[in-house]
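Down below is the structure, laid out as structure tokens.
Number of protein chains: 2
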Amino acid sequence: MTNVTIAGTGMVQFGKFPNRTMKSMVNSVVVEALNDSNCLPDDIDQVFFGNAASGFLTGQECIQGQVALRNTGLLGKPIINIENACASSSTAFNLATMAIESGQSDAVLVIGAEKMTSNDKEAPLRALETAADIEELEHFKKIISSEGAGSGSIFMDLYASLARDYMEKKGVTNDDLALVAVKQRKAGALNKLAQFQEDISISNVLTSRMISDPLRLMMCSSIGDGAAALVLMSKDFAKYKDNEYVSVKACSLKSSNDKATGFIPAPTRAASDAYEKSGIGPEDIDVAEIHDAAAPAEYIIYEQLDFCKEGQAVQLLKSGYTSLDGKMPVNPSGGLISRGHPIGATGAAQLVELSNQLRNRSGKRQRKNAKIGLAENAGGWIRNDVAAACVTILGKD
Amino acid sequence: MTNVTIAGTGMVQFGKFPNRTMKSMVNSVVVEALNDSNCLPDDIDQVFFGNAASGFLTGQECIQGQVALRNTGLLGKPIINIENACASSSTAFNLATMAIESGQSDAVLVIGAEKMTSNDKEAPLRALETAADIEELEHFKKIISSEGAGSGSIFMDLYASLARDYMEKKGVTNDDLALVAVKQRKAGALNKLAQFQEDISISNVLTSRMISDPLRLMMCSSIGDGAAALVLMSKDFAKYKDNEYVSVKACSLKSSNDKATGFIPAPTRAASDAYEKSGIGPEDIDVAEIHDAAAPAEYIIYEQLDFCKEGQAVQLLKSGYTSLDGKMPVNPSGGLISRGHPIGATGAAQLVELSNQLRNRSGKRQRKNAKIGLAENAGGWIRNDVAAACVTILGKD
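Top line first, the protein sequences correspond to chains A and B. If you count the first sequence from 1, you need to add 35 to reach the working numbering. If you count the second sequence from 1, you need to add 35 to reach the working numbering.
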């Protein structure tokens, strides 16, 4: 993939903003992304709108993009509503790259948006349950929640179950899990758009409320509201618009397959495909954003993406390699744990962070001379793996 | 667009099948479409899954495609969930054409599926209400339901309101509206996959229950269950697989824009774009499937698609031009009124019918020597127009 660029981005602060509407968040990110890319609404050929849970949480089951965009000047364009659970907006991005690569469009807009806070605090947890096969939900809950550990969130119970398994097999400790949260909060403290912006200590993490053993509150991503947008362009159009752009080197989407028939996790397959298509390997990456929905995911994904050999993930983090000032900062935005995780907005937010890094706009979080970035975004759960995994590789040129 | 083909199709009967599950319907259409295209699951590069209301009606808000496809051998592939109200699966098809045209895929699967029947008969009507901006729903209902005409279905009230306006402006009568239903049922009577398969008379229509004045029961499309699938391939791959294929000449998607600023309806803009891209005009079309969600829509859409001049639609139908044995049969499947309208499945079903017509497989409904087909599929409502309109033109070569 050589003709697709990111030529503009926009993002609102993630967090709990009960009085901010979906339309208001979407308006903000659209205006910012259009300005950043020197575009008027009429320059945009189509819009890909990623959202996962509006139907459940607000009742807007259909045409979510058209409704959210009705005051942006973009109505009239093709507007396509994309859902893939927590990977909704990276999936929208994946389709947007095709729209450019096919020659059908010169400029397209990708939006990821989610409005999760509401008066009913249980509603977001129930919404997330629909990212698994609801016909087997009770059975699934029974398997993943150990005795007495039911947190009310099936995905935190799931990550807890994965964490216990990982800790047992690889000798990982509670302190190691806490270290992920400490690293993420340190980065998030420098990000004005992050939900959490305070430095914390290991002791803060390990004394925070237990959610689902061994996961404590500060090891978990949080429910929130947020939106992020990206303008994608063909290289020629980005040059014509005199934009400082980054190139999309590869974008690969996969779903879970059956563990029984030669299981390789979806993120691993997506990464292999992206590495192969781009000719870029894990050793070439300068900066990465990965789907740390809970602390153990950071370590598991290091291994899935071949950032290190199996069992070496904790050592990689402890070495400082993935710290803000390391060779390959991972989650310089603060990641899901610190930036926050409004599910349909997360994939787009990761790509906004990487675009900023590659355009040298990340201020105190800037990875010096960043030339290659990788994002990994995952969503849902089916047959012992994530239901959707998207890996995107961006380059400075 | 010259490199995209439809190389295989599958479809189940539409109708009320309370005991048939989404997984069962989807399995059937996938197996049929794969067989028809000489494909194994491994030949398929990605899957576009169109559905509108599963979240509302069944609770499966997220990863609907992954769940529906879990037993088909397709899990593992990129699976993308697409929503655009009643135009969900034509939008999925639109994206699938991009996937081929971009060179990213040789073969992709498009599925449209909806499971609407449930114990709660009101639920589908409530689901359909979410295809408008729910923040103005009460206001919208007030405008469209004339005194005493509230049917319980906002879309039938909307079509009734459009019908009253159209009848007044163009001198159209109740008999004229009934004629559409008679034409559609006559075609549906020859379609084993249609929901309604009985011939009816004008008198049957005009004595059927009043839904929303002037719309009577037999003038309205029905709630139902259904699924349809298409395998799209690059021309080279279709030839390699030795398939009898049809070509996609153009596929154009638009959304509503603001009536205040030079209003042209979305279906008109989508059709103009498709005509221009394909070099094919309305006079070249041999067979068409259009979105007759209620009888007046058939006439309104004739004019929107430039099948006739303004005010000439009733005359066009009465002349027999759009009858099964006419120059350009419209809705030979029976249309939404007779084939049925499981919303997320409708766009795919239209394209299955046209593919069959162009491959000379339509039996007693066959338009002799059909070479060019057009499908128009519309969904949702925002700012005085449909929220999404997709026009696709297919050719025999």
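Think of the CB as a built atom: it goes at the ideal place given N, C-alpha and C, for glycine as much as any other residue.
Within 8 Å, strictly: CB atoms of residue i and residue j
i       : j       : result
D234(A) : K218(A) : no
A423(A) : A122(A) : yes
A87(B)  : I378(B) : yes
V143(B) : V82(B)  : yes
D71(B)  : S140(B) : no
P364(A) : Q339(A) : no
I41(B)  : L265(B) : yes
L160(A) : S188(A) : yes
T135(A) : S269(A) : Per the sequence shown, residue 135(A) should be read as Ile rather than Thr. Yes, the Cβ-Cβ distance between I135(A) and S269(A) is below 8 Å.
K284(A) : I428(A) : yes
V426(A) : S287(A) : yes
R402(A) : N226(A) : no
E96(B)  : T165(A) : yes
A329(B) : Y194(B) : yes
A229(B) : G45(B)  : no
K107(A) : N62(A)  : The question names Lys, but residue 107(A) in the sequence shown is Thr. Cβ distance < 8 Å, so T107(A) and N62(A) count as in contact.
Y337(A) : L359(A) : no
L267(A) : A68(A)  : no
Cβ-Cβ separation, residue j to residue i (assumed contact under 8 Å), whole Å
i       : j       : result
N98(A)  : I98(B)  : Per the sequence presented here, residue 98(A) reads as Ile, with Asn not at that position. With a Cβ gap of about 20 Å, I98(A) and I98(B) do not count as contacting.
F49(A)  : G261(A) : 4 Å
K205(B) : G346(B) : 5 Å
D327(B) : N366(B) : 6 Å
L250(B) : A167(B) : Actually they do not touch by this definition, with Cβ atoms about 18 Å apart.
A384(B) : S397(B) : No, A384(B) and S397(B) are not in contact; Cβ-Cβ is about 13 Å, not under 8 Å.
D192(A) : I179(A) : 5 Å
S373(A) : G223(A) : 3 Å
A309(B) : A380(B) : A309(B) to A380(B), Cβ: 22 Å. No contact.
V47(B)  : V65(B)  : At roughly 11 Å, the Cβ-Cβ gap does not stay under 8 Å, so V47(B) and V65(B) are not in contact.
S181(A) : D248(A) : 7 Å
Nearest to residue i (by Cα), restricted to the options the options
i       : options                            : result
T303(B) : I335(B), G45(B), G50(B), Y275(B)   : I335(B)
T152(A) : F91(A), A120(A), H174(A)           : F91(A)
G415(B) : V64(A), R374(A), G100(A)           : G100(A)
F298(B) : G346(B), D420(B), M253(B), A309(B) : D420(B)
N292(A) : M254(B), L109(B), A167(B)          : L109(B)
N119(B) : S89(B), G94(B), K112(B)            : S89(B)
I169(A) : N391(B), R105(B), L252(B)          : R105(B)
N38(B)  : S287(B), I237(B), M133(B)          : M133(B)
E333(A) : G94(A), E388(A), G370(A), K399(A)  : G370(A)
R244(B) : K227(B), S186(B), G223(B)          : S186(B)
V281(A) : D78(A), A224(A), R394(A)           : R394(A)
E149(A) : I325(A), F52(A), F272(A)           : F52(A)
G314(A) : A162(A), G430(A), I114(A)          : G430(A)
G138(B) : F272(B), E311(B), G316(B), M60(B)  : F272(B)
T208(A) : A131(A), P331(A), L389(A)          : P331(A)
A413(A) : F190(A), K156(A), A162(A), E157(A) : F190(A)
A348(A) : A162(A), I114(A), I115(A), M202(A) : M202(A)
CB contact below 8 Å: residue i versus chain E
i      : result
F91(A) : No chain E appears in this structure, whose protein chains are A and B.
Quiz item: Which whole runs of the beta strand (DSSP E) in the stretch 187-256 of chain B are 3 residues long or more, in chain order?
Solution: 245-247
Self-check item: Complete alpha helix (DSSP H) runs within the stretch 138-176 of chain B (minimum length 4 residues, chain order)
Solution: 158-164
Quiz prompt | the stretch 127-139 of chain A in contact with the stretch 44-58 of chain A per 3-pair CB rule at 8 Å | solution = no
Quiz item: Using 8 Å as the threshold, is the stretch 64-78 of chain B in touch with the stretch 320-339 of chain A, meaning 3 or more CB pairs across them?
Solution: no
Quiz item: Counting pairs of beta carbons, one from the stretch 348-357 of chain A and one from the stretch 271-289 of chain A, are three or more of them closer than 8 Å?
Solution: no
Quiz item: Does the pairing of the stretch 204-213 of chain A with the stretch 164-174 of chain A give three or more beta-carbon distances under 8 Å?
Solution: no
Practice problem: Report yes or no: do three or more beta-carbon pairs, one from the stretch 396-415 of chain B and one from the stretch 242-262 of chain B, lie closer than 8 Å? | Solution: no
Quiz prompt | Start-end ranges of the alpha helix (DSSP H) lying completely within the stretch 274-308 of chain B, minimum 4 residues | solution = none
Exercise. Write down every uninterrupted run of the alpha helix (DSSP H) in the stretch 97-139 of chain B whose length is 4 residues or greater and which is fully enclosed by it, in chain order.
Key: 99-103, 123-136
Quiz item: Which whole runs of the beta strand (DSSP E) in the stretch 318-397 of chain B are 3 residues long or more, in chain order?
Solution: 322-324
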